[in-house]
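Under UniProt numbering, think of the first position of the sequence shown as 1, with each following residue one higher.
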Amino acid sequence: MQLFETLRLDSGKFSRLRYHYDRIKHSANQFQITFEDDQWHKTISEIKNHYFTGTYRVKIILHPNGIFKYEVAELPQKDSFTAKIVPLTQIQDKRILTNKTTNRDHLAHNHETDLILLYDESGKILEFDIGNIMIKEGNHYYTPVFNDDFLKGCKRQELIDEGELIEKDYSLATFKQKLRQNQIQVFLINSLREVADVAINL
Numbered sequence: 001m002q003l004f005e006t007l008r009l010d011s012g013k014f015s016r017l018r019y020h021y022d023r024i025k026h027s028a029n030q031f032q033i034t035f036e037d038d039q040w041h042k043t044i045s046e047i048k049n050h051y052f053t054g055t056y057r058v059k060i061i062l063h064p065n066g067i068f069k070y071e072v073a074e075l076p077q078k079d080s081f082t083a084k085i086v087p088l089t090q091i092q093d094k095r096i097l098t099n100k101t102t103n104r105d106h107l108a109h110n111h112e113t114d115l116i117l118l119y120d121e122s123g124k125i126l127e128f129d130i131g132n133i134m135i136k137e138g139n140h141y142y143t144p145v146f147n148d149d150f151l152k153g154c155k156r157q158e159l160i161d162e163g164e165l166i167e168k169d170y171s172l173a174t175f176k177q178k179l180r181q182n183q184i185q186v187f188l189i190n191s192l193r194e195v196a197d198v199a200i201n202l
């Protein structure tokens, strides 16, 4: 198992770099994986020096031996997604939910839709397979309260820190009802796509 971060690189500039650094360093500590600051910064500099024009998806992987590797691909434009709602499978090690690891079996799906939206056994709406959920209701934007039950995204945290996003839980029943009555709008938020519209298949 490895840890990884997926970052957006625009014209040689990483978005939310500090958030990604803090998250992967915290995860490394949780899994007792060596994390050397100088190796992280060296990797970041190397990528920026090679890809200084264009927009890219950058995946930085931290191996159990403390070595960083990376993959870079051009990021195609995509502003809207489809999603279906599915229950979260039971997971023994909660660290798999709250850290970005290569153990992602709980996020696997058949891609009948672009995304899946997960909910837990209590009916709480949690997250998409590739990012957090943002719900617009009235003039406010909401995202589920973190209770060690999903991955805290870097874009999510940035919006909370900026006062743009409020933590509030939605039950599956309430979420579906408000969707059918057009009382809410749903968005995917992640560091790569930032904010994108999502159409939920009910």
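For glycine and all other residues, C-beta sits at the position ideal for the given N, C-alpha and C. No experiment lies behind these values; they were computed from the predicted model shown.
Asked                                                                                                     : Found
Simplified DSSP assignment, three categories, for ILE190                                                  : The residue you asked about is not Ile; residue 190 is Asn in the sequence shown. Strand.
Simplified DSSP assignment, three categories, for ASP148                                                  : coil
Close beta carbons around THR34, own chain, < 8 Å, minus the five adjacent residues each side             : ALA28, ASN65, GLY66
Test item: CB-CB of MET1 and THR89 under 8 Å                                                              : no
Candidates GLY131, LYS155, ILE116, of which the one nearest residue 217 by Cα                             : In the structure displayed, the chain extends from 1 to 202; residue 217 sits before or after that span and is not available.
Buried or exposed by the 16-neighbour rule on C-beta atoms within 10 Å, applied to ARG104                 : exposed
The stretch 136-143 / the stretch 72-85 touching (three or more Cβ pairs under 8 Å)                       : no
Classification of LYS168 by the beta-carbon crowding that lies within 10 angstroms, buried from 16 upward : exposed
Residue closest to ILE184, alpha-carbon to alpha-carbon, out of LEU192, ASN190, ASP197, SER191            : ASP197
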